[in-house]
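Just below is one structure, and these are the notes that go with it.
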Amino acid sequence: MATDTHPLSLPPDLIRLGAAPAGKEAAIREAAQLLIAAGCIDPAYADSMIRRESVANTFLGHGVAIPHGMVDDRNLVRRNGIAILQVPDGVVWNDGQTARLVVAIAAQSDAHIAILRRLTRLMQDEARLNALFTTTDPADLAAALSDETAAPATPASEAGDLAESFEWVVDYPTGLHARPAATWVETARAASGRVRVRHGDEAVDGKTLVALLQLGLRPGDRITVSADGPDARAVLNRLRATITGLSAREKADAAAAARKAKAVVQGWTPPAAAGREMPVVAGIGASPGLAIGPVHVMPKADLTVPDRPAPLLEGGNRLHEALNLTRQQLKALADDTARRLGPAEAGIFAAQAELLNDTDLITLACQLMVEGHGPGWSWNEAVERSAAKLAANPNPVLAGRAADLRDVGRRVLTRIDPDLRGGSIRDLPDTPCILVADDLSPSDTAALDMGRVIGLATAQGGPTSHTAILARTLGLPAMVAGGGALTELANGTTAILDGQSGRLYLDPPDTALAAALGWIEEQRVKKAHQEERRGLPARTRDGHTVEIGANVNRPDQVPVALSQGAEGVGLMRTEFLFLERGDAPSEEEQYQTYRAMLEALDGRPLIVRALDIGGDKQVPHLQLPHEENPFLGVRGARLLLRHPELLEPQVRALYRAAKGAKPGALLIMFPMITTLREIEALRAVCDRIRTELDAPAVPLGIMVEVPAAAIQADVLARHVDFFSIGTNDLTQYALAVDRQHPELAAEADSLHPSVLRLIRMTVEGAEKHGRWVGVCGGIAGDPFGAALLAGLGVRELSMTPRDIPGVKDRLRDSDLAGLQALAQRALDCESSDEVRALEGDVS
Ligand code: PEP
Ligand code: MG
-9 MATDTHPLSL PPDLIRLGAA PAGKEAAIRE AAQLLIAAGC IDPAYADSMI RRESVANTFL
51 GHGVAIPHGM VDDRNLVRRN GIAILQVPDG VVWNDGQTAR LVVAIAAQSD AHIAILRRLT
111 RLMQDEARLN ALFTTTDPAD LAAALSDETA APATPASEAG DLAESFEWVV DYPTGLHARP
171 AATWVETARA ASGRVRVRHG DEAVDGKTLV ALLQLGLRPG DRITVSADGP DARAVLNRLR
231 ATITGLSARE KADAAAAARK AKAVVQGWTP PAAAGREMPV VAGIGASPGL AIGPVHVMPK
291 ADLTVPDRPA PLLEGGNRLH EALNLTRQQL KALADDTARR LGPAEAGIFA AQAELLNDTD
351 LITLACQLMV EGHGPGWSWN EAVERSAAKL AANPNPVLAG RAADLRDVGR RVLTRIDPDL
411 RGGSIRDLPD TPCILVADDL SPSDTAALDM GRVIGLATAQ GGPTSHTAIL ARTLGLPAMV
471 AGGGALTELA NGTTAILDGQ SGRLYLDPPD TALAAALGWI EEQRVKKAHQ EERRGLPART
531 RDGHTVEIGA NVNRPDQVPV ALSQGAEGVG LMRTEFLFLE RGDAPSEEEQ YQTYRAMLEA
591 LDGRPLIVRA LDIGGDKQVP HLQLPHEENP FLGVRGARLL LRHPELLEPQ VRALYRAAKG
651 AKPGALLIMF PMITTLREIE ALRAVCDRIR TELDAPAVPL GIMVEVPAAA IQADVLARHV
711 DFFSIGTNDL TQYALAVDRQ HPELAAEADS LHPSVLRLIR MTVEGAEKHG RWVGVCGGIA
771 GDPFGAALLA GLGVRELSMT PRDIPGVKDR LRDSDLAGLQ ALAQRALDCE SSDEVRALEG
831 DVS
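In our numbering, the protein residues as written are -9 to 833.
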């Protein structure tokens, strides 16, 4: 039988308006008749469609049903097609389910995904869908459901360009990877017509992330971006601006990565003779360092997802809910990662979240559900099919996205079916090993038992994959993209893993082992020396001490911070108590968390920042009104004062915690303060609650993040006990640069002289009233920035724990007078570049 690969189309003879079938079976037969008459199906296929109803529910929801035959009867489909039966008065499909549009599908392959996708979209546009139930013009139905508007994945070889177009040569050094692609998709999605991206004779839907990634664009590839629809020109202008605008950032990121790679500890070179003897598996270095030990090859993760069919509606709801919850979880993870590791690393989670918006993926899952499979199974299958396509990409950066897709897919899966939770890393040997795996999910990597795994080598993955980033954060030597040969290794083979060059040396001779051991020992001594120093205070050579705190949000993170040399917590961002879950924590839950933080700190200071919600920290479950410009809207203190139901339980929980704490150990700080009135109002609430609870006084401070607060610091200082400067926001507001803007990120430089002058004003204002000033924004963790801040008179610096040793070293090697002179020179500079050029002058 000839295979018809034509997409589904909807000529007028396949549409019947105003039908009034006696029941569901009659409706299916009437629709099937249209398909038979058009030569799409064998008459026997109608029976197959009826049979299907007894094993699966084809009611999609919102008055739409999609009857189709059994998978085994696809041979009865002569050519792809759909028929529509409009039933204005509805026909009962199942108890409580009435169909008004019966969309009968005849498809040999996955061609009907396009129609499913279109239907899914239509279901979100209730007004348009309702109009289709009663329209008297078949053209309305054809337009709503035709291939043209359904924008199916365009078969590569058939695709031409759309009405308007421009050409561009890829100049991103790592090609088109997920982060910039996600931004392209975001821009393209605003278009009312179609957007297509073509490379050679391959063309894909520009609104679909996975499709774009599958193009595997590399630097130097020439592409044509085209669009149609009424706003095609404007859309292309915006897209061109987005695409070219990202070039600078991509180049800067690549240069920074290269600098970082150079800056890391020197790589290892095996002794020449041994180097020639040893078999070596070459991959890509993902996390520097050497590991020596037996390899342990992890059996391929064979997650068996049971197929537990559920009613279609219920399955759809479970998938929908799981997707939403996962998006929220990723948003929280991205926010937290941005603060801990930086915006580039956080971008991975934003891209992962974008993968979840992929209509192809979701539609495929829906289609599988419609075929009668369970939601978990369908979702897993859809993810696996997409990931397999990505993994086949020859560009390792893009192939690395397969692991991300599988990982994010797993997150959704465990939300659909919590029984499937549980790591895949089991049965590790008791002695330390180099773990070899086909691929690892970021979640697996995060859960590694560091006592038993000394290095990681994966056959797949890429250096920018989240797994690689986590390995770097964990300080675990790692290589990726080693190829299939890796997983063929015999368990127990001795190997040297060099995570810098991305090489796994096998069966090394004694000379190589001795050289590698010597190198590891050298590094250990260096590290031990640093560790020794990180426990020392940040005291300059001439005896001036700067307090060093950690930015930490959870009690379980405190021990790590202390081991890095933190002397307390200078910023606990409490909005993460809200962001990481689907509802607001109660007063009691908050109290327990603050108490646990105080206990973990054992008398060291804890500065808790009251909720800073709004701006970049949106909490979806609070369902706050949408704002056009949230950074200038009801954010931080403004929001707290308008929502006593958020402010008061938090303040109560804090004063309750203060009652059991060492005097002075707990400090409260309010975010985004602009005016004195806000301070007075917040203080009044604190005083009232403190009196009610008969709690001790707690130092009350404010974040200085708004230029107005810095400028009026001499006035505000009289009313508070301390200031902590949030340089991330202060920079954003002083320089009018959105801190999350992908193109402008490099311009949001906290070392800009105007920001430094605001910091100076804050310190001077505070000194007038004998108050101290800290800094808890990102610049506090940069050794040069810390040196400048100390020179400007900042007394306390709070940062990501891993930045502490470097900052302490820098300050301990300086003199206060030298730092002050440096700060003065920086204040006199004309640009941030000039300020940065002073680096190296710290004395
Ligand atoms: C800041 O703005 O510098 C700050 C520390 O607060 P956040 O990053 O949480 O807004
Ligand atoms: Mg801030």
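Note that CB positions come from ideal geometry on N, CA and C, so glycine has one too.
Exercise for the section: Note down, one range per segment and in chain order, each beta strand (DSSP E) of at least 3 residues found wholly within the segment 253 to 315. Expected result: 270 to 272, 274 to 277 and 280 to 287
Handout entry: Counted within 10 angstroms of its Cβ, other Cβ atoms place P296 as buried (16 or more) or exposed
Key = Exposed, by the Cβ-count rule.
Problem - Own chain partners of P261 with C-beta closer than 7 Å, once the 5 adjacent residues on each side are dropped - result: T501, A502 and A505
Problem - According to DSSP, residues forming a beta bridge with S788 - result: G539
Handout entry: Under the three-state DSSP convention, the category P128 falls into
Key = helix
Exercise for the section: Check whether the Cβ of E565 lies closer than 7 Å to any heavy atom of the ligand MG, and answer yes or no. Expected result: no
Problem - Start and end residues, alpha helix (DSSP H) containing Y584 - result: E577 to L591
Practice task
Please classify P142: is it buried, with 16 or more other beta-carbons within 10 angstroms of its beta-carbon, or exposed?
Solution key: Residue confidence for P142 is low, a pLDDT of 36 falling below 50, so the modelled location carries little weight and cannot support an answer.
Handout entry: Cβ-heavy atom distance, M359 to the ligand MG, below 7 Å
Key = no
Handout entry: Stretch pair the segment 40 to 57 + the segment 72 to 85: three plus CB contacts closer than 8 Å
Key = yes
Problem - Under the three-state DSSP convention, the category G183 falls into - result: coil
Practice task
Compare the beta carbon distance of R223 and T177 with 8 Å and say whether it is the shorter of the two.
Solution key: no
Exercise for the section: Examine the ligand PEP and report whether any of its heavy atoms sits within less than 7 Å of the Cβ of L561. Expected result: Answer for L561: yes, Cβ within range of the ligand PEP.
Problem - Cβ contact (3+ pairs, closer than 8 Å) linking the segment 769 to 789 and the segment 527 to 540 - result: Yes, since at least three Cβ pairs between the segment 769 to 789 and the segment 527 to 540 fall closer than 8 Å, the two stretches touch.
Practice task
Within 10 angstroms of the Cβ of G508, are there 16 or more other Cβ atoms? Answer buried if so, exposed if not.
Solution key: Exposed, because fewer than 16 other Cβ atoms sit within 10 Å of the Cβ of G508.
Problem - Selection from E737, G190, Q702 and P743 that minimises the alpha carbon distance to T752 - result: Among E737, G190, Q702 and P743, the Cα nearest to that of T752 is on Q702.
Exercise for the section: Write down every uninterrupted run of the alpha helix (DSSP H) in the segment 540 to 566 whose length is 4 residues or greater and which is fully enclosed by it, in chain order. Expected result: Fully contained in the segment 540 to 566 are the following alpha helix (DSSP H) runs of length 4 or more, in chain order: 548 to 553.
Handout entry: Three-state secondary structure assigned by DSSP to H633
Key = coil
Problem - Rounded separation between V185 and V194 - CA only - result: 9 Å
Practice task
Please report how far the alpha carbon of C30 lies from the alpha carbon of A217, in whole angstroms.
Solution key: 32 Å
Problem - Within-8 Å CB hit, D211 to chain C - result: Among the chains in the structure shown there is no chain C, since it carries only a single protein chain.
Problem - T125 to L131 span [Cα, whole Å] - result: 8 Å
Handout entry: the segment 651 to 671 touching the segment 586 to 603, judged by at least three CB pairs closer than 8 Å
Key = yes
Practice task
Measure the C-alpha to C-alpha separation of G86 and K14 and round it to an integer number of angstroms.
Solution key: Looking at the backbone, the Cα of G86 and that of K14 are separated by about 13 Å.
Handout entry: CA nearest to the CA of K321, picked from K607, A647 and T214
Key = K607
Practice task
Say yes only if the C-beta of D719 is nearer than 7 Å to one or more non-hydrogen atoms of the ligand PEP, and no if none qualify.
Solution key: yes
Problem - Identity of the residue in P615, E829, E344 and E577 nearest A324 by Cα - result: E344
Handout entry: Contact test: D739 Cβ vs the ligand PEP heavy atom, cutoff 7 Å
Key = no
Handout entry: Where M693 falls: helix, strand or coil (DSSP)
Key = strand
Exercise for the section: Decide if the segment 784 to 793 is in contact with the segment 547 to 563; the criterion is three or more beta carbon pairs, one per stretch, under 8 Å apart. Expected result: Between the segment 784 to 793 and the segment 547 to 563 there are three or more C-beta pairs closer than 8 Å, enough to call the two in contact.
Practice task
Following the continuous beta strand (DSSP E) through F660, name the residue where it begins and the one where it ends.
Solution key: L656 to F660
Practice task
Keeping to the same chain, check which residues put their C-beta closer than 6 Å to that of P686; ignore five residues upstream and five downstream.
Solution key: A648
Problem - Buried/exposed call for H363, threshold 16 Cβ in 10 Å - result: H363 is buried by the Cβ-count criterion.
Handout entry: Collapsed DSSP secondary structure at K197 in the structure displayed
Key = Residue state for K197 is assigned as coil, using DSSP reduced to three classes.
Handout entry: Alpha carbon of E737 to alpha carbon of P299, nearest angstrom
Key = 52 Å
Practice task
Give a yes or no on whether the C-beta atoms belonging to L425 and P365 are separated by under 8 Å.
Solution key: no
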